[in-house]
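So the structure is just underneath, and the comments pick up after that.
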Amino acid sequence: MAKQRLTQKFVDRESLSKECHKKEFYDTDCIGLFLEVRSGRKSYYLRYRDERGKNRRKVLGRADVLQLTDARNMARRYLRDIQLGQNPFEEKAALKDVPTFNAFVHGAFMPHIKGYKRSWRSDESLLRNHILPAVGHLHLDEIKRHHLVSLFAKHREDHKPGSTNRVMILCRYILNCAINWETPGIEANPSKGIALLPENNKRERYLSQDESKRLFTALEHSDNPSLKYIVALLLLTGARKREVLDARWEDFDLQRRIWTIEFNKLGRPRYIPIADGVARVLEQVSRHEGCPWVFANPKTGKPFVSIYYSWNTARVEAGLPEVRMHDLRHSFASFLINSGRSLYEVQKILGHTQVKTTQRYAHLSQESLIAAANTAGASVPFSGVPTPPALPPAPIAG
Numbered sequence: 001m002a003k004q005r006l007t008q009k010f011v012d013r014e015s016l017s018k019e020c021h022k023k024e025f026y027d028t029d030c031i032g033l034f035l036e037v038r039s040g041r042k043s044y045y046l047r048y049r050d051e052r053g054k055n056r057r058k059v060l061g062r063a064d065v066l067q068l069t070d071a072r073n074m075a076r077r078y079l080r081d082i083q084l085g086q087n088p089f090e091e092k093a094a095l096k097d098v099p100t101f102n103a104f105v106h107g108a109f110m111p112h113i114k115g116y117k118r119s120w121r122s123d124e125s126l127l128r129n130h131i132l133p134a135v136g137h138l139h140l141d142e143i144k145r146h147h148l149v150s151l152f153a154k155h156r157e158d159h160k161p162g163s164t165n166r167v168m169i170l171c172r173y174i175l176n177c178a179i180n181w182e183t184p185g186i187e188a189n190p191s192k193g194i195a196l197l198p199e200n201n202k203r204e205r206y207l208s209q210d211e212s213k214r215l216f217t218a219l220e221h222s223d224n225p226s227l228k229y230i231v232a233l234l235l236l237t238g239a240r241k242r243e244v245l246d247a248r249w250e251d252f253d254l255q256r257r258i259w260t261i262e263f264n265k266l267g268r269p270r271y272i273p274i275a276d277g278v279a280r281v282l283e284q285v286s287r288h289e290g291c292p293w294v295f296a297n298p299k300t301g302k303p304f305v306s307i308y309y310s311w312n313t314a315r316v317e318a319g320l321p322e323v324r325m326h327d328l329r330h331s332f333a334s335f336l337i338n339s340g341r342s343l344y345e346v347q348k349i350l351g352h353t354q355v356k357t358t359q360r361y362a363h364l365s366q367e368s369l370i371a372a373a374n375t376a377g378a379s380v381p382f383s384g385v386p387t388p389p390a391l392p393p394a395p396i397a398g
């Protein structure tokens, strides 16, 4: 360790001999500053003790870029900060540890939700198609409210409020996970305070028997041979789309007539009774040796990620372009209610925790309502109702 009063001339002139691979010259004018000379490179370093008394050395910069006076000023400023209890080098190191949103999603978030969330593929699709292209390149400490507001506004241009709200909720959840897991670079959620959009998802759309027949006629011509069985199970069980697509053969106990769904929307198991129609559908589905899935994509051997295009083709062909796949679940509830089953029974089959949720799906056909009204009418001791007199004509103005 050679001590030397460094000058700019000395820095520019100093070089290595063939026998030497490195030299260090400690400046006598600025304690801690030293010049490291290597083959083809010279650099300024600062040597100091951290708050635990350990010797540390940090590079300040290359000597062909920094002037000696610049290096001395930097060294004195850093030493002053360290004396005041601030460590600028630790702050820089912490910045390097801050992941991008994309890195956090793929390195931490997705592995986490794949372990418990059946609908993780839907989240993955939202991330891939909408969220990551907008903010994936940003580090967590760079994401500000205006980035998210811009993302949501752009998504809203060609999507319904409910779809945009799902993007907003997913972003908020991911950022909350980063905070809860003490990920470097984020302490407050930038999405906090961004209100969800008002939406009206409580529309009623149920298939009539005639519409069901038209739909299954169209399904017979589908390019996806599994689609008719998938739709049949949706209509016969009231299960959610992802529950059917992820179904495994081992989940169906045909002796006890129970379909076990290990993780439902709420993250806990539920049980669906296997009706005769469900058993007949399962008998017709082809099994493939070594494949645990009831409906495996023949290209991947795994559950379908999406069946939208084949479903859309079938519903348009059936003259039902507005019918959503989730409406099949509504229709199942409607069929049960119209056949006289109680809301409690329907609630249990659909897996709702509150009967209020089931009431949204409960729908009585006009025929059922007329029949119910006739029941009351049968108790009225009148054979008929006299015809009311005609109203006089309205007077002519003016």
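For the sequence shown, position 199 matches number 199 in the UniProt record's numbering, and the numbering has no gaps at all.
Every residue gets a Cβ at the ideal spot worked out from N, C-alpha and C, and that includes glycine.
These numbers come from a predicted model, not from an experiment.
(request) Out of Tyr26, Asn224, Gln83, state which residue places its alpha-carbon closest to the alpha-carbon of Phe10. (result) In the sequence shown, the residue the question calls residue 10 occupies position 10. Comparing Cα positions, the closest option is Tyr26.
(message) Let me confirm a value: Leu46 is counted as buried when at least 16 other C-beta atoms fall within 10 Å, else exposed. Which label applies?
(response) Numbered from 1 along the sequence shown, position 46 holds the residue referred to as residue 46. Label assigned to Leu46: buried.
(request) Within the same chain, show all residues whose beta-carbon is closer than 6 Å to that of Pro269, passing over the 5 residues directly before and after it, in chain order. (result) In the sequence shown, residue 269 corresponds to position 269, counting from 1. Within the same chain, and ignoring the five residues on either side of Pro269 in sequence, the residues whose Cβ sits closer than 6 Å to its Cβ are Glu262.
(message) Within a Cβ cutoff of 8 Å, which residues of the same chain sit near Gly107, ignoring the five residues on either side of it in sequence?
(response) Within the sequence shown, residue 107 is the residue found at index 107, counting from 1. Excluding residues within five positions, the ones whose Cβ falls inside 8 Å are Pro99.
(request) Put His155 into one of helix, strand or coil per three-state DSSP. (result) For the purposes of this step, residue 155 is taken as the residue at position 155 of the sequence shown. Three-state DSSP puts His155 in a helix.
(request) In angstroms with no decimal places, state the Cα-to-Cα distance between Ile230 and Thr164. (result) Residue 230 sits at position 230 when you count from the first residue of the sequence shown. Residue 164 sits at position 164 when you count from the first residue of the sequence shown. Between the C-alpha atoms of Ile230 and Thr164 there is a straight-line separation of about 27 Å.
(message) Would Arg56 and Tyr44 qualify as a contact pair, given that the criterion is a beta-carbon distance under 7 Å?
(response) Counting from 1 along the sequence shown, the entry for residue 56 is found at position 56. Counting from 1 along the sequence shown, the entry for residue 44 is found at position 44. No, these two residues do not count as a Cβ contact at 7 Å.
(message) For a quick check, are the C-beta atoms of Ile274 and Trp293 less than 7 Å apart?
(response) Position 274 of the sequence shown, counted from the start, is the residue given in the question as residue 274. Position 293 of the sequence shown, counted from the start, is the residue given in the question as residue 293. Not a contact, by the Cβ cut-off of 7 Å.
(message) With distance defined between alpha-carbon atoms, name the residue in Tyr173, Arg172, Glu187 nearest to Ile179.
(response) Residue mapping note: residue 179 aligns to position 179 of the sequence shown, counting from 1. Comparing Cα positions, the closest option is Glu187.
(request) Starting from Pro273, follow its DSSP beta bridges and name the residues at the other end. (result) The count along the sequence shown starts at 1 and reaches residue 273 at position 273. Ile258, per the DSSP bridge assignment.
(message) Let me confirm a value: Tyr308 is counted as buried when at least 16 other C-beta atoms fall within 10 Å, else exposed. Which label applies?
(response) Locating residue 308 in the sequence shown gives position 308, where the first residue counts as 1. Under this definition Tyr308 is an exposed residue.
(request) Taking only runs that begin and end inside the segment 178-203, name each unbroken alpha helix (DSSP H) of 4 or more residues, in chain order. (result) Counting whole runs of 4 or more residues, the segment 178-203 contains no alpha helix (DSSP H) stretch at all.
(request) Return the chain-ordered list of same chain residues with a C-beta closer than 7 Å to the C-beta of Arg257, the five sequence neighbours on each side being excluded. (result) If you number the sequence shown from 1, residue 257 lands on position 257. Result list for Arg257: Pro273, Ile274, in chain order.
(request) Provide the residue span of the alpha helix (DSSP H) that contains Phe216, from first to last. (result) Mapped onto the sequence shown, residue 216 falls at position 216. Segment 209-219, the alpha helix (DSSP H) holding Phe216.
(request) In the DSSP assignment, find the unbroken beta strand (DSSP E) run with Asp50 in it and report its ends. (result) One-based indexing of the sequence shown puts residue 50 at position 50. Annotation for Asp50: no beta strand (DSSP E) segment contains it, and DSSP assigns it neither H nor E.
(request) Tell me whether the beta-carbon of Arg38 lies closer than 7 Å to the beta-carbon of Lys22. (result) Here residue 38 refers to the residue found at position 38 of the sequence shown. Here residue 22 refers to the residue found at position 22 of the sequence shown. Contact: yes.
(message) Suppose the cutoff is 8 Å on Cβ atoms and the five residues either side in sequence are ignored; what does the same chain contact list for Glu317 look like?
(response) Here residue 317 refers to the residue found at position 317 when the sequence shown is read from its first residue. Hits under 8 Å: Ala218, His221.
(request) Kindly indicate the opening and closing residues of the alpha helix (DSSP H) around Gln8. (result) Working through the sequence shown from its first residue, we reach residue 8 at position 8. Here the alpha helix (DSSP H) through Gln8 covers 8-13.
(request) Could you tell me if Trp249 is buried or exposed, where buried requires 16 or more neighbouring beta carbons within 10 angstroms of its beta carbon? (result) In the sequence shown, counting from the first residue as 1, residue 249 sits at position 249. The residue in question, Trp249, is exposed, as its Cβ has fewer than 16 Cβ neighbours within 10 Å.
(message) Taking contact to mean 3 or more Cβ pairs, one atom from each stretch, closer than 8 Å, check whether the segment 278-285 and the segment 187-197 are in contact.
(response) Counting C-beta pairs with one atom in each stretch, the segment 278-285 and the segment 187-197 have fewer than three that are closer than 8 Å, which means they do not touch.
(message) Measuring straight from C-alpha to C-alpha, what distance separates Glu36 and Asp81?
(response) By 1-based counting over the sequence shown, the position of residue 36 is 36. By 1-based counting over the sequence shown, the position of residue 81 is 81. Glu36 and Asp81 have their C-alpha atoms spaced approximately 23 Å apart.
(message) For Val135 and Val149, what's the separation of their Cα atoms in angstroms?
(response) Indexing the sequence shown from 1 puts residue 135 at position 135. Indexing the sequence shown from 1 puts residue 149 at position 149. Approximately 11 Å between the Cα atoms of the pair.
(message) Quick check on the DSSP output: the beta strand (DSSP E) that includes Asn55 runs from which residue to which?
(response) One-based indexing of the sequence shown puts residue 55 at position 55. Unbroken beta strand (DSSP E) run through Asn55: 55-62.
(message) Here's a check: name, in chain order, each residue in its chain whose Cβ is nearer than 6 Å to the Cβ of residue 405, leaving out the five neighbours to either side.
(response) One cannot answer for residue 405 here, as it falls past the ends of the chain, which runs 1 to 398.
(request) Look at His130 and Val167 and say whether their C-beta atoms are less than 7 Å apart. (result) Taking the sequence shown and counting its residues from 1, the one referred to as residue 130 is at position 130. Taking the sequence shown and counting its residues from 1, the one referred to as residue 167 is at position 167. Yes; because the gap between Cβ atoms is below 7 Å, this pair is in contact.
(message) So for Leu33, helix, strand or coil by DSSP?
(response) By one-based count along the sequence shown, residue 33 stands at place 33. Judged by DSSP in its simplified three-state form, Leu33 adopts strand.
(request) Would you kindly work out how many angstroms separate the C-alpha atoms of Arg156 and Ala71, rounded to a whole number? (result) Within the sequence shown, the letter at position 156 stands for residue 156. Within the sequence shown, the letter at position 71 stands for residue 71. A direct Cα-Cα distance of roughly 52 Å separates Arg156 from Ala71.
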